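A.B. asks: Numbering (the numbering used here), first residue to last: 88 to 173.
We put the beta carbon where it would ideally sit given N, CA and C, even for glycine.
Computed from a prediction, not measured in an experiment: that's the story for all the values here.
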Amino acid sequence: MENILRDKMVETVQKSPEAKFSVGAVHVAVWKNESKEGNQFSTVSLNRVYKQGDEWKQANSLKESDIPKAILALQKAYEHISLKEQ
88 MENILRDKMV
98 ETVQKSPEAK
108 FSVGAVHVAV
118 WKNESKEGNQ
128 FSTVSLNRVY
138 KQGDEWKQAN
148 SLKESDIPKA
158 ILALQKAYEH
168 ISLKEQ
């Protein structure tokens, strides 16, 4: 029962990113995670948003012009994670 409650708490924490960084249409989110052994670690997700008609959509692929934006957003995420660990 205790493990189930802990798993539910971890799921709740994972629903909201710890930090978000955006450069243009490229968005990066830093997620706080916990292993079954209780070790904490961070993961990073990246996506690009675009508008199709009146609807906003997300893509996991980048256009060539998005690569520098992704690099900058990922650098910001890495800086956030690195400073947090100090």
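Are the Cβ atoms of Ser-129 and Val-115 separated by less than 8 angstroms?
C.D. replies: Contact flag unset, no.
A.B. asks: Under three-state DSSP, which class holds Glu-166?
C.D. replies: Glu-166: helix per DSSP, three-state reduction.
A.B. asks: Roughly how many whole angstroms lie between the Cα atoms of Glu-121 and Asp-141?
C.D. replies: Roughly 38 angstroms separates the two Cα atoms.
A.B. asks: Does DSSP classify Ala-112 as helix, strand or coil?
C.D. replies: Of the three classes helix, strand and coil, the one that applies to Ala-112 here is coil, per DSSP.
A.B. asks: Drop a sphere of 10 angstroms on the beta-carbon of Lys-156, count the other beta-carbons inside from all chains shown, and report buried for 16 or more, exposed for fewer.
C.D. replies: Answer is buried; the Cβ neighbour count reaches 16.
A.B. asks: Can you check whether the CB of Ser-109 is closer than 8 angstroms to the CB of Ala-160?
C.D. replies: Yes.
A.B. asks: Quick check on the DSSP output: the beta strand (DSSP E) that includes Glu-142 runs from which residue to which?
C.D. replies: Element bounds for Glu-142: 142 to 146.
A.B. asks: Taking the beta carbon of Val-113 as the centre, do at least 16 other beta carbons fall within 10 Å, making it buried, or is it exposed?
C.D. replies: With 16 or more other Cβ atoms within 10 Å, it is buried.
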